[in-house]
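Number 452 in the numbering used here belongs to position 452 of the sequence shown; there are no gaps in the numbering. C-beta atoms are modelled at their ideal positions from N, C-alpha and C, and glycine is treated no differently. I have placed the structure first, in the form of structure tokens, so that the comments after it can refer back to it.
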Amino acid sequence: MQKFEHCIAHFIVRFRWILVLLLPIIAIALGSGGKNLKFSTDYRVFFSEDNPELLAFEKLEKTYTKNDNVMFILTPKDGTVFTPRTLHAIEQITEEAWQIPHSLRVDSLSNFQNTESEEDDLYVHDLIENADQYSSEDIEKIRNIALHEPLLVNNLINPDGSVTGVNVTIQLPGIDATKETPETVAYARKMADKIRQTYPWLEVRLSGMTFMNNAFAENSKHDMGTLVIFSFVLMILTLMFLTRSIVGVLGVLGIIAFSIISAMGIMGRIGYPLTPPSSSAPTIILTIAIASSVHVLVSILYNLRSGMDKHEAIRESIRINLQPVFIASITTVIGFMSMNFSEVPPFHHLGNVTAFGVIAAFFMTIFFLPAFMAVMPLRVRPFKDGHAHWTERIAEFNIRHWKKLLVSLGLVIAILFACIPRNQLNDVFVHYFDETIDFRVSSDYMVEHLTGLYRIDYSLESGERGGISQPEFLKEVKAFADWYRSQPETIHVNTISDTFQRLNKNMHGDDPAFYRIPEKRDLAAQYLLLYEMSLPYGLDLNNQ
């Protein structure tokens, strides 16, 4: 092994100029694949194609409608939604929301399909029409309907009528998700700014699944642009302080840059999307590259300060560091490659890309750094006789007080170990974001004052054709919905059984005593058919 290390060391010193020029060219060539890198804004990327939960979810969306949405949360500064100017604003915002790219459906107080009966006729109409002409009696009527409608309360209006929402269902074509989601979000933001200017008494917040998807990509880009740069600066300052060698710092900086460029380029060539997990790869590679290269650099500088010739100092550093750096690198690669056993594809990508970066860092550390140091002019101060380096003083302190250190550090480890049970597995996606992020602030506000962000959708089979109108089936659906409403975590339940109950009440002269499931199947089917035929475009019952 020593003969092999000796040969490698002599090879590097002998062909130093070739290595210094060739290795960066190879890294840049590999990095050219970075042009293919794109941020994914689709949460489906976190599931494999054969994931049973994803397959069930996609089947549900094909049967009904998409789950992606943009929610406008509107809060009048006067404390109530039920004023002519605010209701009129909701009308206008609802109309404008249809212009959002890829919008499939818009739901609000304005276009909620209210039902009323007159003798044997059923009238279906928008709850709010020409609100700027409403009298106080009209306002009170709208308020009474809205705050007693289960499909609206804690969904599009809060119980005290102080906050309302306009919900836009989004159906992305899926041709280029890297553009479709951002353009939808950008339009919604411009629309929100316009609302604030046109209706200054309204506070406007934006949330929804589409905004969450975009927030992951948007903030990952921001982190990559800030954290990597900050890490580079901090690394440079720390190495300058510890090594006192500008040339050495430049060499390590080159290793980090070329390792990251190579890894991200390979990632682009393979076709991995950038996701929140994989976007942290550059920072991880930076850390590992420093850990590997500093061993070689410090050994070279130490040998030089001990009086060795530059080339001999480099060869000696390679001889003593090749094996430990190789072992550290290969075990790190194995560790990150083991992430392929995860069920989450982005963690496969993170593990593989980081492994590529570690391999690149190893070759750059062993071949580029020594060659770079060999061709650059080096000036170091030799050690002074009788003057102990600060690291030597730390070593002497450890040797002198090893018993005290062993006991005290053992206690610290025991205390920290006892805190392990306090760790919790908690995938609340909104809490992935800091409270300074607009999406997090708006979503927290929505959950506290209006409705929830997360949905559980059930597709309930009646077991027979047209069985949805079967009273026994509808009663079971109602019982299931009532049970969910009793759960402390539930904010809102949307179910077709509420629509049947409302229609039954309407067809009995709007008598509240008949707010219940129709007693006969054919009657329920007639009510539903009559109601569906009266619904306008875009507001059908396909979402239920």
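Where the alpha helix (DSSP H) through Q113 begins and ends | Taken as a continuous stretch (DSSP letters only), Q113 belongs to no alpha helix (DSSP H), being part of the beta strand (DSSP E) at 113–118.
According to the Cβ coordinates, are W17 and A257 closer than 9 Å?
-> no
Cα-Cα separation, M364 to L156 = 58 Å
C-alpha gap between L416 and Q197, whole angstroms | 53 Å
For the beta strand (DSSP E) containing N214, list its first residue and its last residue.
-> Counting along the chain, N214 falls outside any beta strand (DSSP E), though it belongs to the alpha helix (DSSP H) covering 209–243.
Mind checking which residues open and close the beta strand (DSSP E) that includes S103?
-> 103–107
Close Cβ partners of Y43 (< 7 Å) along its chain, the five nearest in sequence each way excluded | N213
Determine, using beta-carbon pairs with one atom in the stretch 352–367 and one in the stretch 263–272, whether at least three such pairs fall under 8 Å.
-> yes
Taking only runs that begin and end inside the stretch 151–211, name each unbroken beta strand (DSSP E) of 3 or more residues, in chain order.
-> 164–170, 202–207
E203 and K77: beta carbons closer than 9 Å?
-> yes
For D68, does the count of other Cβ atoms within 10 angstroms reach 16, so buried, or fall short, so exposed?
-> buried
Based on Cα-Cα distance, which residue from F72, E448, L147, L405 lies nearest to W98?
-> F72
If L274 and S220 are in contact, beta carbons under 8 Å, what's the gap, nearest whole angstrom?
-> 7 Å
6 Å CB neighbourhood of E183 in its chain, flanking five on each side removed = P101
Taking the C-alpha atoms as reference points, what is the distance between F241 and T287?
-> 17 Å
What's the gap between the Cα of L453 and the Cα of Y515?
-> 29 Å
At which residue ranges does the stretch 397–422 contain complete beta strand (DSSP E) runs of 3 or more residues, listed in the order of the chain?
-> none
Exposed or buried, G251, counting other C-beta atoms within 10 Å across all chains shown (16 or more means buried)?
-> buried
Grab the span of the alpha helix (DSSP H) containing T41 for me, first residue to last.
-> T41 -> no alpha helix (DSSP H), and no H or E assigned at all.
Buried or exposed: S259, going by 16 or more other Cβ atoms within 10 Å of its Cβ?
-> buried
Identify every run of the alpha helix (DSSP H) within the stretch 434–512, keeping only runs that are complete inside it and at least 4 residues long; order them along the chain.
-> 438–449, 471–485, 496–506
Could you give the residue range of the beta strand (DSSP E) that holds S73?
-> The identity of residue 73 in the sequence shown is Ile, whereas the question assumes Ser. Looking at the DSSP string, the run of the beta strand (DSSP E) that includes I73 is 69–76.
CB-CB under 7 Å to N506, same chain, minus the five flanking residues each way: which ones, in chain order?
-> T115, E116, S117, L122
Return the first residue and the last residue of the beta strand (DSSP E) that Y302 is part of.
-> Where Y302 is concerned, there is no enclosing beta strand (DSSP E), although the alpha helix (DSSP H) it sits in stretches over 281–305.
Measuring alpha carbon to alpha carbon, tell me which of H6, A27, I128 ends up nearest F362.
-> A27
Note the first and the last residue of the continuous beta strand (DSSP E) segment covering Y527.
-> Per DSSP, Y527 belongs to no beta strand (DSSP E); it is in the alpha helix (DSSP H), 521–534.
Does DSSP classify D309 as helix, strand or coil?
-> coil
In three-state DSSP terms, what is Y123?
-> strand
Is the stretch 78–86 close to the stretch 58–68, with three or more CB pairs under 8 Å?
-> no
Measure the Cβ-Cβ separation of F368 and I255 and say whether it is below 9 Å.
-> yes
Rounded straight-line distance, which links the Cα of N154 to that of L147 = 9 Å
Leaving out five residues before and five after I145 in sequence, what residues of the same chain have Cβ atoms less than 8 Å from its Cβ?
-> N114, L127
Are the CB atoms of T169 and L104 nearer to each other than 9 Å?
-> yes
Would you kindly report the start and end of the unbroken alpha helix (DSSP H) that includes L147?
-> Run containing L147: none; DSSP gives neither H nor E here.
At what residues does the alpha helix (DSSP H) containing F362 begin and finish?
-> 345–363
Determine contact between the stretch 40–56 and the stretch 400–414, defined as no fewer than three beta-carbon pairs at a distance below 8 Å.
-> no
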